[in-house]
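In case it helps, full-length UniProt numbering puts the sequence shown at residues 1 to 230.
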Amino acid sequence: MPYASYATTFAPQPGTDASGRAFRPATGDQIEAGVKYLIPGTNIQASFAGFDIVQSSVLRTDPNNIAFQIATGSVQSRGFEMEAIANFAPGTNLTLAYTHLDLRYLNQTSFTGQVLDGNYLSGIPGDTFTGFLTYLFPPSSALSGLTLGGGLRFSANSYANDENTIRNPTVTLFDALVAYDFAAIDPKYRGFRAQVNASNIFDRDYFTCQAGFCYRGAPAAVIGSLIYRW
Numbered sequence: 001m002p003y004a005s006y007a008t009t010f011a012p013q014p015g016t017d018a019s020g021r022a023f024r025p026a027t028g029d030q031i032e033a034g035v036k037y038l039i040p041g042t043n044i045q046a047s048f049a050g051f052d053i054v055q056s057s058v059l060r061t062d063p064n065n066i067a068f069q070i071a072t073g074s075v076q077s078r079g080f081e082m083e084a085i086a087n088f089a090p091g092t093n094l095t096l097a098y099t100h101l102d103l104r105y106l107n108q109t110s111f112t113g114q115v116l117d118g119n120y121l122s123g124i125p126g127d128t129f130t131g132f133l134t135y136l137f138p139p140s141s142a143l144s145g146l147t148l149g150g151g152l153r154f155s156a157n158s159y160a161n162d163e164n165t166i167r168n169p170t171v172t173l174f175d176a177l178v179a180y181d182f183a184a185i186d187p188k189y190r191g192f193r194a195q196v197n198a199s200n201i202f203d204r205d206y207f208t209c210q211a212g213f214c215y216r217g218a219p220a221a222v223i224g225s226l227i228y229r230w
């Protein structure tokens with residue numbers, strides 16, 4: 001099913017700069033077109049979308065006072081997104097997603113006065129990929145109700161500064177999931193589900209730098225939840 005859209009945006013930006021001046025509203029124009037498709041004879045759904053977005057009055061960290069932001073020029077974002085969801089076997093679900101992003105300054109100068117028109121925005125990778133596979137054990141199995149999952153997140157390198165002279169490294173992180181549906185024990189427990197999500201399971205230590213400031217990536221984390229749906 002193909003689709004296309006055009007939109008304009010106008011959004012007030014709360015807060016002020018270090019001098020107490022209010023920010024101008026952010027405006028933008030967006031064109032998007034794509035297609036969603038269910039491959040006949042399969043359990044594979046695929047989608048593709050291309051976009052072209054121009055935004056003005058973009059906020060950036062104030063280099064002279066990092067507690068504040070400053071309004072700057074315009075940026076253009078062009079790219080495409082692809083996603084596929086597949087069920088190759090009973091209980092198996094695979095999700096793949098890829099994004100290519102070309103995000104550049106249109107009207108901008110650096111903090112040192114260098115013209116940045118055409119440069120890439122720092123700290124934002126041009127290519128990202130995610131994949132996640134889950135498996136639900138069948139009712140006939142001794143592990144009925146149990147779901148196991150695992151996947152990865154990949155970010156290509158990006159620029160560490162807006163002058164585009166230094167690059168951030170690529171980053172690959174791995175995640176995992178374990179869940180249990182209590183209805184497998186007794187139908188009266190239908191709706192109860194326990195789930196544990198683990199992100200960055202190998203605890204990779206990494207940093208991403210943007211416009212001269214560096215930020216540490218999230219360490220390994222495990223979150224457990226008990227869910228009831230009715």
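Think of the CB as a built atom: it goes at the ideal place given N, C-alpha and C, for glycine as much as any other residue.
Query: Which same chain residues, not among the five before or five after residue 128, have their C-beta less than 6 Å away from its C-beta?; Result: 99 and 155
Query: Spell out the partners DSSP gives residue 2 in its beta bridges.; Result: 35
Query: Under 8 Å: do the region 118-135 and the region 89-108 share three or more Cβ pairs, one atom per stretch?; Result: yes
Query: Does the beta-carbon of residue 122 have 16 or more other beta-carbons within 10 angstroms, so that it is buried, or is it exposed?; Result: buried
Query: Does residue 23 come out as helix, strand or coil in the three-state DSSP assignment?; Result: coil
Query: Count the other CB atoms, across all protein chains shown, that sit within 10 Å of the CB of residue 221; report buried if there are 16 or more and exposed otherwise.; Result: exposed
Query: Less than 9 Å between the C-beta atoms of residue 87 and residue 44, yes or no?; Result: yes
Query: What does the alpha-carbon distance come out to for the pair residue 114 and residue 60?; Result: 16 Å
Query: Excluding sequence positions up to five away, which residues of its chain have a Cβ less than 7 Å from the Cβ of residue 201?; Result: 174, 175, 176 and 220
Query: Taking the alpha-carbon of residue 146 as reference, which of 178, 105, 172 and 125 has the nearest alpha-carbon?; Result: 178
Query: Compare the C-alpha of residue 76 against each of 167, 210, 116 and 4 and name the closest.; Result: 116
Query: What does the alpha-carbon distance come out to for the pair residue 39 and residue 109?; Result: 47 Å
Query: Do the region 45-52 and the region 20-36 make contact, defined as three or more Cβ pairs closer than 8 Å?; Result: yes
Query: Would you identify the three-state DSSP class for residue 206, choosing helix, strand or coil?; Result: coil
Query: So, for residue 67: in the same chain, excluding its five sequence neighbours on each side, which residues have a beta-carbon less than 7 Å away from its beta-carbon?; Result: none
Query: Do you know how far the Cα of residue 46 is from the Cα of residue 84?; Result: 4 Å
Query: Roughly how far, in whole angstroms, is the beta-carbon of residue 161 from the beta-carbon of residue 170, given that I think they are within contact range, below 8 Å?; Result: At roughly 17 Å, the Cβ-Cβ gap does not stay under 8 Å, so residue 161 and residue 170 are not in contact.
Query: Are the beta-carbon atoms of residue 11 and residue 27 separated by less than 9 Å?; Result: yes
Query: Are residue 168 and residue 125 touching if we call contact CB-CB under 9 Å?; Result: yes
Query: Relative to the C-alpha of residue 37, which candidate in 2, 70 and 15 has its C-alpha closest?; Result: 2
Query: Helix or strand or just coil, what does DSSP make of residue 182?; Result: helix
Query: Cα-Cα, which of 102, 153 and 137 is closest to residue 89?; Result: 137
Query: Out of 69, 210 and 56, point me to the one whose CA is closest to residue 20's CA.; Result: 69
Query: When the Cα atoms are used, what is the spatial distance from residue 9 to residue 58?; Result: 13 Å
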